[in-house]
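Structure first, then comments.
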Amino acid sequence: MGSTRDNIYIDINKRTFFLADNIDNESAGKLMWDILYLIREDKEQDKKILCYNREPIKLYINSYGGSIDDMWGLIDIILASKTPIYTYCLGYAQSAAFNIFLAGHKRFCLEHSVFMYHQMSYWRDGKHQDFVENRVEMDNINKQNEEYVIKRTKIPEDVIRNVRETKKDFYIHSSKAIEYGVVDKILM
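Going from the sequence shown to the numbering used here is simple: count from 1 and add 30.
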């Protein structure tokens, strides 16, 4: 395994990636690049080999989350991939990492894994009018995030709405993760 960054471990030959860092332009960008490389390689094999079997890409996650903007790029690549991408939670997948985890074509966790969903946080800089103008966009982003989680899980809409209204973090332990449609299987 090698890495250009301490907490992003990659083994392209084994189609394995490990995200244990803050999700930002660098960490998400590196993962996107490498995943797209494998998807492109599979596409080339599809052209050459009849009934080519695309081996799954495995993305192991142990992250508190990070940037919502960088998160969406990685999610869209995973969702659009014809190559199956499986996500594995090792410990915790919170905030943006939770959303990335949900993009997996198959989703797995360990017995003591914990997931956390919450209202998106924003950092903006500027004058008052800048904040007024950004408010509409922030509301749209938050709505998009809520709709995504509802679509990819069985978490009831009233729970999602309660998270927004109370501004509380919503923790999901592995014992509830299958019930909420967050994971397909708990690995022992």
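Where is the CB? At the ideal position from N, CA and C, for every residue including glycine.
Checklist line | Identity of the residues DSSP links to asparagine 146 by a beta bridge | finding: By one-based count along the sequence shown, residue 146 stands at place 116. Looking at the sequence itself, residue 146 is methionine, so the reference to asparagine does not match. Bridge partners of methionine 146: Gln124, Tyr201.
Next item on the list: Under 6 Å Cβ to Cβ from aspartate 97, same chain only, skipping five residues before and after it: list those, please.
Entry: Locating residue 97 in the sequence shown gives position 67, counting from the first residue. Contrary to the premise, residue 97 reads as serine rather than aspartate in this sequence. These residues qualify, in order along the chain: Ile53, Asp54.
Check: How about phenylalanine 47 and leucine 68: do their beta carbons lie closer than 7 Å?
Finding: For the purposes of this step, residue 47 is taken as the residue at position 17 of the sequence shown. For the purposes of this step, residue 68 is taken as the residue at position 38 of the sequence shown. Not in contact: phenylalanine 47 and leucine 68 (Cβ atoms no closer than 7 Å).
Check: Counting along the chain, where does the beta strand (DSSP E) carrying isoleucine 87 start and finish?
Finding: Taking the sequence shown and counting its residues from 1, the one referred to as residue 87 is at position 57. Looking at the DSSP string, the run of the beta strand (DSSP E) that includes isoleucine 87 is 87-93.
Checklist line | Own chain partners of lysine 197 with C-beta closer than 7 Å, once the 5 adjacent residues on each side are dropped | finding: Translated into the one-based positions of the sequence shown, residue 197 becomes position 167. Listed in chain order, the non-local C-beta contacts of lysine 197 below 7 Å within the same chain comprise Gln149, local neighbours out to five positions each way being set aside.
Notebook entry, point to check: Roughly how many angstroms lie between the CA atoms of aspartate 41 and aspartate 64, to the nearest whole one?
Noted result: Working through the sequence shown from its first residue, we reach residue 41 at position 11. Working through the sequence shown from its first residue, we reach residue 64 at position 34. Computed Cα separation, rounded: 10 Å.
Check: Excluding the five sequence neighbours on either side, which residues of its own chain have a C-beta within less than 7 Å of the C-beta of glycine 103, listed in chain order?
Finding: Walking along the sequence shown from the start, residue 103 turns up at place 73. So the qualifying residues of the chain are Ala58, Met62.
Margin query: Rounded to whole angstroms, what is the Cα-Cα separation between tyrosine 90 and tyrosine 118?
Written below: By 1-based counting over the sequence shown, the position of residue 90 is 60. By 1-based counting over the sequence shown, the position of residue 118 is 88. Distance between the alpha carbons of tyrosine 90 and tyrosine 118 is about 5 Å.
Check: How should alanine 207 be labelled, buried or exposed, when 16 other C-beta atoms within 10 angstroms of its C-beta is the threshold for buried?
Finding: Counting from 1 along the sequence shown, the entry for residue 207 is found at position 177. Answer is buried; the Cβ neighbour count reaches 16.
Checklist line | Beta-carbon contacts of aspartate 76 that lie in its chain and below 6 Å, excluding the five residues immediately before and after | finding: In the sequence shown, counting from the first residue as 1, residue 76 sits at position 46. Closer than 6 Å at the Cβ level, and outside the excluded window around aspartate 76, lie Tyr82.
Notebook entry, point to check: For the putative contact between leucine 132 and valine 179, defined by C-beta atoms under 8 Å, what is the C-beta separation to the nearest angstrom?
Noted result: Position 102 of the sequence shown holds residue 132. Position 149 of the sequence shown holds residue 179. Correct: roughly 7 Å between the Cβ atoms.
Next item on the list: Please go through the stretch 153-194 and give each complete beta strand (DSSP E) segment of 3 or more residues, from N-terminal end onward.
Entry: With a minimum length of 3 residues, no continuous beta strand (DSSP E) run stays inside the stretch 153-194.
Notebook entry, point to check: CA-CA distance, histidine 203 and methionine 168?
Noted result: If you number the sequence shown from 1, residue 203 lands on position 173. If you number the sequence shown from 1, residue 168 lands on position 138. Those two C-alpha atoms are separated by around 29 Å.
Next item on the list: Inspect the beta-carbon positions of arginine 137 and isoleucine 87 and report whether they are closer than 7 Å.
Entry: In the sequence shown, the residue the question calls residue 137 occupies position 107. In the sequence shown, the residue the question calls residue 87 occupies position 57. Not a contact, by the Cβ cut-off of 7 Å.
Check: In the DSSP assignment, what residue or residues form a beta bridge with isoleucine 216?
Finding: As a first step, residue 216 must be located in the sequence shown, where it is residue number 186. Isoleucine 216 is bridged to Cys139.
Check: glycine 95: which of Asn43, Lys112, Asp106, Tyr122 sits nearest, CA to CA?
Finding: Position 65 of the sequence shown holds residue 95. Answer by Cα proximity: Tyr122.
Checklist line | Exposure label - phenylalanine 161; buried when at least 16 CB within 10 Å | finding: Position 131 of the sequence shown, counting from 1, holds the residue named residue 161. Exposed is the call here.
Note to self: Please report the straight-line C-alpha distance between lysine 173 and isoleucine 79, rounded to a whole angstrom.
What the structure shows: Position 143 of the sequence shown, counted from the start, is the residue given in the question as residue 173. Position 49 of the sequence shown, counted from the start, is the residue given in the question as residue 79. Rounded to whole angstroms, lysine 173 to isoleucine 79 spans 43 Å at the Cα level.
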